[in-house]
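One structure is given below, encoded as structure tokens.
Number of protein chains: 4
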Amino acid sequence: MASPTAILLMSCPDQGGIVAAISGFIHENAGNIVHLEQHVDPEANAFFMRVEWEIDGFRIERNAIAEAFGPLAGKFGMTWSLAFSDVRPRVALFITKENHCLYDLLSRHESGELAMDVPLIVSNRTDLQGVAERFGIPFHHFPINKENKQEQEAAEIALLREHRVNAIVLARYMQILSQQMVDAFPNRIINIHHSFLPAFPGARPYHSAHQRGVKVIGATSHYVTEDLDEGPIIAQDVTRVSHRDSVHDFVRKGKDLETIVLARAVWLHVNRRILPYENRTIVFG
Amino acid sequence: MASPTAILLMSCPDQGGIVAAISGFIHENAGNIVHLEQHVDPEANAFFMRVEWEIDGFRIERNAIAEAFGPLAGKFGMTWSLAFSDVRPRVALFITKENHCLYDLLSRHESGELAMDVPLIVSNRTDLQGVAERFGIPFHHFPINKENKQEQEAAEIALLREHRVNAIVLARYMQILSQQMVDAFPNRIINIHHSFLPAFPGARPYHSAHQRGVKVIGATSHYVTEDLDEGPIIAQDVTRVSHRDSVHDFVRKGKDLETIVLARAVWLHVNRRILPYENRTIVFG
Amino acid sequence: MASPTAILLMSCPDQGGIVAAISGFIHENAGNIVHLEQHVDPEANAFFMRVEWEIDGFRIERNAIAEAFGPLAGKFGMTWSLAFSDVRPRVALFITKENHCLYDLLSRHESGELAMDVPLIVSNRTDLQGVAERFGIPFHHFPINKENKQEQEAAEIALLREHRVNAIVLARYMQILSQQMVDAFPNRIINIHHSFLPAFPGARPYHSAHQRGVKVIGATSHYVTEDLDEGPIIAQDVTRVSHRDSVHDFVRKGKDLETIVLARAVWLHVNRRILPYENRTIVFG
Amino acid sequence: MASPTAILLMSCPDQGGIVAAISGFIHENAGNIVHLEQHVDPEANAFFMRVEWEIDGFRIERNAIAEAFGPLAGKFGMTWSLAFSDVRPRVALFITKENHCLYDLLSRHESGELAMDVPLIVSNRTDLQGVAERFGIPFHHFPINKENKQEQEAAEIALLREHRVNAIVLARYMQILSQQMVDAFPNRIINIHHSFLPAFPGARPYHSAHQRGVKVIGATSHYVTEDLDEGPIIAQDVTRVSHRDSVHDFVRKGKDLETIVLARAVWLHVNRRILPYENRTIVFG
Chain P
10 MASPTAILLM
20 SCPDQGGIVA
30 AISGFIHENA
40 GNIVHLEQHV
50 DPEANAFFMR
60 VEWEIDGFRI
70 ERNAIAEAFG
80 PLAGKFGMTW
90 SLAFSDVRPR
100 VALFITKENH
110 CLYDLLSRHE
120 SGELAMDVPL
130 IVSNRTDLQG
140 VAERFGIPFH
150 HFPINKENKQ
160 EQEAAEIALL
170 REHRVNAIVL
180 ARYMQILSQQ
190 MVDAFPNRII
200 NIHHSFLPAF
210 PGARPYHSAH
220 QRGVKVIGAT
230 SHYVTEDLDE
240 GPIIAQDVTR
250 VSHRDSVHDF
260 VRKGKDLETI
270 VLARAVWLHV
280 NRRILPYENR
290 TIVFG
Chain E
10 MASPTAILLM
20 SCPDQGGIVA
30 AISGFIHENA
40 GNIVHLEQHV
50 DPEANAFFMR
60 VEWEIDGFRI
70 ERNAIAEAFG
80 PLAGKFGMTW
90 SLAFSDVRPR
100 VALFITKENH
110 CLYDLLSRHE
120 SGELAMDVPL
130 IVSNRTDLQG
140 VAERFGIPFH
150 HFPINKENKQ
160 EQEAAEIALL
170 REHRVNAIVL
180 ARYMQILSQQ
190 MVDAFPNRII
200 NIHHSFLPAF
210 PGARPYHSAH
220 QRGVKVIGAT
230 SHYVTEDLDE
240 GPIIAQDVTR
250 VSHRDSVHDF
260 VRKGKDLETI
270 VLARAVWLHV
280 NRRILPYENR
290 TIVFG
Chain G
10 MASPTAILLM
20 SCPDQGGIVA
30 AISGFIHENA
40 GNIVHLEQHV
50 DPEANAFFMR
60 VEWEIDGFRI
70 ERNAIAEAFG
80 PLAGKFGMTW
90 SLAFSDVRPR
100 VALFITKENH
110 CLYDLLSRHE
120 SGELAMDVPL
130 IVSNRTDLQG
140 VAERFGIPFH
150 HFPINKENKQ
160 EQEAAEIALL
170 REHRVNAIVL
180 ARYMQILSQQ
190 MVDAFPNRII
200 NIHHSFLPAF
210 PGARPYHSAH
220 QRGVKVIGAT
230 SHYVTEDLDE
240 GPIIAQDVTR
250 VSHRDSVHDF
260 VRKGKDLETI
270 VLARAVWLHV
280 NRRILPYENR
290 TIVFG
Chain H
10 MASPTAILLM
20 SCPDQGGIVA
30 AISGFIHENA
40 GNIVHLEQHV
50 DPEANAFFMR
60 VEWEIDGFRI
70 ERNAIAEAFG
80 PLAGKFGMTW
90 SLAFSDVRPR
100 VALFITKENH
110 CLYDLLSRHE
120 SGELAMDVPL
130 IVSNRTDLQG
140 VAERFGIPFH
150 HFPINKENKQ
160 EQEAAEIALL
170 REHRVNAIVL
180 ARYMQILSQQ
190 MVDAFPNRII
200 NIHHSFLPAF
210 PGARPYHSAH
220 QRGVKVIGAT
230 SHYVTEDLDE
240 GPIIAQDVTR
250 VSHRDSVHDF
260 VRKGKDLETI
270 VLARAVWLHV
280 NRRILPYENR
290 TIVFG
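So the protein lines, in turn, are chains P, E, G and H.
Remember, the numbering used here sits 9 above the position in the first sequence when you count from 1.
Remember, the numbering used here sits 9 above the position in the second sequence when you count from 1.
Remember, the numbering used here sits 9 above the position in the third sequence when you count from 1.
Remember, the numbering used here sits 9 above the position in the fourth sequence when you count from 1.
This is how it looks when you write it as structure tokens:
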């Protein structure tokens with residue numbers, strides 16, 4: 010019904026005329042902008058923009074847009090990417106044994122809320138194989154230990170490439186990724202950490218939070234970088250707790266946070282609304 | 010330190026080339042955009058934008074901008090307004106007897122958070138005269154009853170005009186404004202209602218909420234229109250309550266909501282971030 | 010590992026000595042209280058309490074507790090119920106075509122978070138039959154129209170009784186229940202309404218909320234009574250929206266609310282933490 | 010109108026019969042319980058309770074209650090304290106130069122929401138002397154540097170004792186207290202820290218939070234102990250931020266959090282609802 014759109018995410022040094030130039034480029038070629046949001050970081054002297062326009066009726070063929078846009082991008086020194094709303098990202102889910110994020114993502118996928126393809130599910134255990142099968146998604150088991158980690162990850166990367174996967178969602182995947190995996194999908198691996206980062210990084214954050222006597226617990230979704238729990242934050246949320254809540258209650262309440270926060274991050278990623286920038290993210294509304 | 014800015018708020022029928030035209034106009038005259046946010050309402054086929062640019066170095070004198078912009082506005086059929094960041098709105102506070110919103114707004118005004126002038130405070134009672142005096146702001150007492158309402162409001166309007174007031178904040182003012190006052194300040198009177206509208210309009214909303222057994226209470230800030238509690242909503246927030254909370258507790262917790270929500274609405278108004286549109290508002294981030 | 014517990018929910022006219030009498034009864038019989046929470050409503054002159062104690066080592070057999078407690082209950086004029094933590098409620102899920110609450114509840118059930126049995130799923134359509142089957146839960150289709158409503162509901166009630174169901178969860182069930190069904194399960198049917206009641210009762214609340222231009226949307230879980238959307242509220246939650254959110258976005262964001270709020274209500278019910286009282290609920294922490 | 014109440018806060022090793030014994034003691038002496046809340050920490054094998062009963066009609070004189078309760082307390086090994094609702098805590102406010110928490114607390118004090126006396130305000134600067142004077146509260150200036158800190162604090166302690174102060178609220182007081190001050194008011198000094206502890210302890214938390222790119226900021230109120238920012242947490246709250254928020258916006262939004270969270274903690278303290286326990290707090294609803 011609605012026309013598919015082209016989505017441009019870009020950043021460059023802040024300077025006059027960027028909006029005029031890009032909106033002029035789109036208008037001159039008969040494009041209709043449906044969303045444009047810019048952001049200026051005065052401290053970093055940096056400019057960021059997401060612009061989305063209908064490609065039905067656009068005078069440049071979709072395959073030729075990048076080339077046509079090149080000179081403008083060069084003039085302003087842009088870093089940029091171009092995507093199309095009707096090209097669905099191919100996302101692999103990595104899981105271990107907790108089912109809440111997995112069910113939630115598959116349910117949203119099935120209902121059409123998450124416009125992505127899920128060609129495969131990867132796990133270091135077999136606990137959730139049945140869930141994958143219920144949804145008819147191929148399940149791949151890669152048991153991992155210290156000795157075989159490099160080798161197994163290399164096999165995973167090969168498999169992901171074979172399936173033309175362009176993003177990974179760690180849906181409570183309880184294995185630390187090695188550098189090769191992070192390098193293979195830079196700013197394309199989304200993790201959910203079960204605390205309000207930077208509070209309580211590492212293992213057993215609910216136990217630490219309970220021990221500290223906090224009155225609010227949180228969850229954080231972020232892109233995975235080489236430093237564990239230090240990557241660019243995409244989304245965070247919190248919920249109240251009290252002295253009446255045991256660690257077990259923290260875990261139970263936290264699961265809802267993890268589920269919601271991870272789903273929000275995946276939705277933003279799939280809709281090309283995230284622009285990672287140094288160790289932060291610009292999240293376009 | 011930072012340059013003052015010009016702030017354009019506009020709406021028009023959605024059509025191609027609006028962003029290109031406006032950003033082109035600014036760029037051609039050497040203006041540097043510091044904020045631009047647009048919004049398209051596809052159902053209403055309407056386009057909205059807020060754009061803010063530095064006027065130091067802008068080639069058009071500030072007094073001549075409106076005239077220079079006129080042809081462009083006409084071409085696209087725009088409804089628009091232009092303001093300058095260094096021209097502070099002149100805001101009158103209307104109060105009755107509750108002090109929380111008053112103290113809060115005066116405290117924010119004093120600390121510089123609210124970039125507005127407060128030339129006078131108006132009240133239908135004298136309970137809070139001392140607070141006005143502590144802050145050195147002229148206090149005007151207009152006792153109002155059924156018989157004198159029209160006359161007293163007419164006197165208030167005259168006084169407000171004399172002080173070149175361009176907005177009114179009803180900081181828990183417990184009198185319904187008549188049509189003449191609403192007409193004198195269209196979309197320029199901000200009210201705080203102590204419920205999550207449209208739930209519990211009218212008087213004693215906390216009592217009604219308690220009676221209904223809700224688990225969350227709210228507050229709503231809105232522009233005043235002829236229909237009580239029906240004007241465009243600017244900001245809303247909520248807080249949890251439980252069976253342990255009496256009506257008295259609802260009132261106590263609600264005061265914090267009222268304070269925060271009203272302050273947020275005033276801040277948005279003072280910073281020209283609100284575009285009322287039919288019975289809703291576009292609130293630019 | 011932990012001992013099973015007896016759970017007493019009671020209310021009576023407020024008077025001296027209730028806590029002393031009940032805690033004395035438990036202590037004299039060697040019971041160890043693990044949770045006790047009371048509430049006094051001074052306006053209604055009413056007293057409410059939930060008390061939970063370990064039954065391992067309790068001197069009265071579990072089947073004899075009710076009888077032994079009878080005289081005390083009589084003395085204070087109590088309305089009361091007794092349950093045991095190791096007797097799982099038998100809950101039927103009623104659904105129509107939206108899958109988010111269903112997946113969520115089944116996932117929580119499967120992971121053990123919801124300590125209930127789900128002997129059957131009832132639907133007026135067949136859209137979600139596959140989901141029920143994936144989880145191995147018998148699915149019963151009762152197509153309902155004006156003509157057959159009474160008859161079909163009577164058949165449902167018979168089926169529910171046959172399965173010894175003691176509570177019903179309407180997990181986005183899009184049919185209004187008739188009086189016979191409500192009477193068959195008083196304060197035992199939990200519904201999720203997709204608005205912040207009492208705002209936007211009835212059909213299409215997200216559309217109404219969008220039209221009104223609210224800045225926050227909500228969801229409400231409540232027991233079903235004869236008056237639609239008027240039953241005792243169990244849980245409510247909200248999330249922010251803005252002018253950028255279309256009705257479609259309201260629906261998408263609202264689904265998360267519905268899921269969380271319904272799951273919370275079911276958890277509270279299953280754990281015997283809700284005491285309905287007139288048209289409100291006491292929810293014990 | 011309502012009777013004044015006695016408020017007992019107690020903890021002891023968990024064991025059978027505590028509730029029965031205490032509620033029996035009150036009932037036998039004709040006391041009417043208006044609030045009773047208990048909490049069991051199974052890991053620590055500890056029992057906690059707050060119980061509040063009317064003293065009009067209680068058979069033991071208020072001055073004799075402690076002695077009469079002594080044997081019971083001894084039997085169960087209780088740590089306990091007794092207070093009366095009509096004996097207002099005497100609270101000193103410590104401030105530096107930011108006015109938001111000060112105005113807020115004085116406004117709540119003036120309106121009667123905070124049932125405490127404020128005999129004096131202490132500051133290491135004179136910026137806010139005028140605010141104290143507006144409210145008619147004696148202002149004491151104690152300039153502090155490395156050399157005179159011990160001496161000045163000793164003078165402060167003497168002054169506080171002279172005014173029979175029993176609690177201190179650090180309303181954005183920008184000086185670290187030395188051990189002698191902490192020791193003089195154990196679990197009676199309430200601080201507001203402008204972050205979601207344990208994230209971002211120390212100075213300039215908003216800058217650190219902005220640098221890290223968080224999507225939520227918080228504030229934490231806690232009792233002051235010898236370890237800075239490590240004391241028992243009383244209350245926490247958070248608000249959303251985005252890439253559009255500068256450090257300046259973090260500070261602005263954070264002020265609202267600080268104000269609300271500190272006021273909540275003071276209210277809880279004044280109403281004897283906090284039971285510090287190791288490095289945590291039990292906060293009775």
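Cβ atoms here follow ideal geometry from the backbone N, Cα and C, with glycine treated the same way.
Pairwise C-alpha distance: residue j and residue i
i         : j         : result
Val260(H) : Gly211(G) : 42 angstroms
Ala228(H) : Val247(H) : 6 angstroms
Ala11(P)  : Asp50(G)  : 56 angstroms
Gly294(P) : Ala208(H) : 26 angstroms
Gln159(E) : Pro152(E) : 12 angstroms
Gly7(P)   : Leu277(P) : Here chain P comprises residues numbered 10 to 294, so residue 7(P) is not present and cannot be evaluated.
Glu287(P) : Cys21(H)  : 52 angstroms
Distance between beta carbons of residue j and residue i, contact taken as under 8 angstroms
i         : j         : result
Asp238(H) : His202(H) : 6 angstroms
Phe103(H) : Val178(H) : 7 angstroms
Ala39(H)  : Arg68(H)  : 5 angstroms
Asn196(G) : Pro98(G)  : With 8 angstroms as the limit, Asn196(G) and Pro98(G) do not qualify as a contact, their Cβ atoms being about 13 angstroms apart.
CA nearest to the CA of residue i, picked from the options
i         : options                                    : result
Arg253(G) : Phe56(E), Ile146(E), Glu37(E)              : Phe56(E)
Pro80(P)  : Lys158(P), Val270(P), Phe34(P), Asp265(P)  : Phe34(P)
Arg273(G) : Gly83(G), Ala244(G), Met58(G)              : Ala244(G)
Ile199(P) : Ile185(P), Phe209(P), Cys21(P)             : Ile185(P)
Phe205(P) : Gly240(H), Val191(H), Arg213(H), Arg249(H) : Arg249(H)
Ile64(P)  : Ala77(P), Pro13(P), Leu91(P)               : Pro13(P)
Asn280(P) : Val28(P), Phe93(P), Leu102(P)              : Phe93(P)
Asn154(E) : Val140(E), Arg134(E), Ser120(E)            : Arg134(E)
Val140(H) : Glu119(E), Asn54(E), Val127(E)             : Glu119(E)
His150(G) : Ser32(G), Leu137(G), Lys262(G), Phe144(G)  : Leu137(G)
Proximity test, Cβ basis, 8 angstroms: residue i and chain P
i         : result
Ser90(H)  : no
Ala55(H)  : no
Ser94(G)  : no
Gln188(E) : no
Chain E contact for residue i (CB, 8 angstroms cutoff)
i         : result
His7(H)   : Shown here, chain H extends from 10 to 294; a query on residue 7(H) therefore has no answer.
Tyr182(H) : no
Glu165(H) : no
Residue-level contact to chain H via CB, residue i, 8 angstroms cutoff
i         : result
Gly294(E) : yes
Ser255(G) : no
Ile199(P) : no
Below-8 angstroms beta-carbon distance, residue i vs any chain G residue
i        : result
Ala29(H) : yes
Bridge-paired residues (DSSP) for residue i
i         : result
Tyr182(H) : BP columns for Tyr182(H) are empty, so no partner.
Trp89(P)  : Met19(P)
Thr14(P)  : Glu63(P)
Ser32(H)  : DSSP output for Ser32(H) lists no bridge partner at all.
Val225(P) : Arg249(P)
Exercise for review: Below 7 angstroms between beta carbons is the criterion; list the residues of the region 263 to 290 of chain E that meet it against any residue of chain C, in chain order.
Suggested key: You won't find chain C in this structure, because its protein chains are P, E, G and H.
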